[in-house]
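These notes are about the structure you will find just below.
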Amino acid sequence: MVEIKTDAALDAMREAGRVVARALDAARKAAAIGVRLTDLDETARAVLREAGASSPFLGYRPPFAPTPFPAVICVSVNDAIVHGIPTDYRLRDGDVVGVDCGAVLDGWAADAAVTFIVGTPRPGDLELVDTTRRALEAGIAAATVGNRIGDISAAIGAVAQKAGYGMPRDFGGHGIGRRMHEDPSVPNHGRPRRGYPLRHGLALAIEPMFIAGGRDGYHTAADGWTLHSVDGSRAAHMEHTIAVTEDGPRVLTLL
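The structure is reproduced here in structure tokens:
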């Protein structure tokens, strides 16, 4: 069931979105060569704690997962696409790092992700990160009243196709509100003018995930969570929580 939010609810989600944005910003600033992934998780935990927010990630266990998620952020490095569990791995020069974070504040959720490069970047990695960001922007731009979910999906998919990137087709964006994952689903590929109609008050998490090698396939790590590209190529993940409004898309997870 799709829930249409009131303007007051969207304002409340915006406050949760600010917390997410601060946590991601803090984790990105803390990321440096030699820093452990668990240190980034502790940094994000401190931001949530200071804001009086809880984490929708911590303890989350969807049907595919063998164990509850043990952290407040997902950290996916290099060939890890999404859902990486923070470990004692120390960041190295040139690592591509995706950080995904959520927050629940006063009963409302927000969810966002960013990918960045630690230290000296490879040109191909810069292009991957920039293209994934542009796909997110294209998806957000399509989230207007009168369009449909398929218009968002087609906008993202067109960017991936033009760049020759793959994507894990079983995973994509979603509705969001009182819970982190709500209806409708927002695939990263699809046909325009298809799917659920976009109305004022619809809140969505839009999240392209691109694989540099061009193949869509992935495999799940032994931890039961982390998705890796099948060819070992690097991946990037960008996400914002947005609201569809009569005035255009409203991004709720900006600083």
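Using full-length UniProt numbering, you'd call the opening residue of the sequence shown number 1 and step up by one each time.
Glycine included, every Cβ here is placed at the ideal spot set by N, Cα and C.
is_contact[residue i, chain D] using C-beta, thresh 8 Å
| i | result |
| --- | --- |
| A51 | As a matter of chain content, chain D is missing from the structure shown, which is built from one protein chain. |
Limits of the unbroken beta strand (DSSP E) element including residue i
| i | result |
| --- | --- |
| S185 | E182 to V186 |
| D111 | W108 to I117 |
| G175 | G173 to G175 |
Collapsed DSSP secondary structure at residue i in the structure displayed
| i | result |
| --- | --- |
| D100 | strand |
| A163 | helix |
| I206 | strand |
| P254 | Note on residue identity: the sequence assigns Leu, not Pro, to residue 254. Looking at L254 - three-state DSSP - the assignment turns out to be coil, as it is neither helix nor strand. |
| L105 | strand |
Proximity to residue i [Cα-Cα], best of the options
| i | options | result |
| --- | --- | --- |
| S233 | G124, H200 and D88 | G124 |
| S229 | G84, C101, G213 and H240 | G213 |
| P197 | R92, D247, H181 and A143 | A143 |
| T220 | D170, T38, P249 and L204 | D170 |
| Y89 | L37, I4, H174 and A160 | L37 |
| residue 270 | A141, G190 and H189 | The shown model of the chain, from 1 to 255, leaves out residue 270, and the question about it has no answer. |
| V145 | A203, P168 and A113 | A203 |
| V159 | A65, E182, V129 and D183 | V129 |
| V97 | R61, G107 and H83 | H83 |
| V251 | L10, T6 and I4 | L10 |
| N147 | G173, S55 and R191 | R191 |
| W225 | A205, A80 and E239 | A80 |
| E50 | A154, T115, V19 and A8 | V19 |
| I206 | L227, R178 and H237 | H237 |
| A110 | V118, V99, P56 and V35 | P56 |
| I85 | A27, V99, D247 and V244 | V99 |
| R133 | A113, R178 and L227 | A113 |
| H240 | G59, R61, A138 and Y60 | A138 |
| H181 | R61, G52 and T43 | R61 |
Neighbour-count burial assignment, residue i, 16 or more Cβ in a 10 Å radius
| i | result |
| --- | --- |
| K162 | exposed |
| T131 | buried |
| V2 | exposed |
| D41 | buried |
| R14 | buried |
| T33 | For the sequence presented, residue 33 should be read as Ile rather than Thr. Exposed. |
| R22 | buried |
| T120 | exposed |
| I4 | exposed |
| F64 | exposed |
| L255 | exposed |
| L126 | exposed |
| A103 | buried |
Host alpha helix (DSSP H) of residue i (start-end)
| i | result |
| --- | --- |
| I140 | P123 to A141 |
| L24 | D7 to A30 |
| beta strand (DSSP E) runs contained entirely in the region 210-245, provided each spans 3 or more residues | 218-220, 227-229, 235-237 and 240-243
| Which ranges would you report for the beta strand (DSSP E) in the region 46-97 if only whole runs of at least 3 residues count? | 73-77 and 80-82, all fully within the region 46-97.
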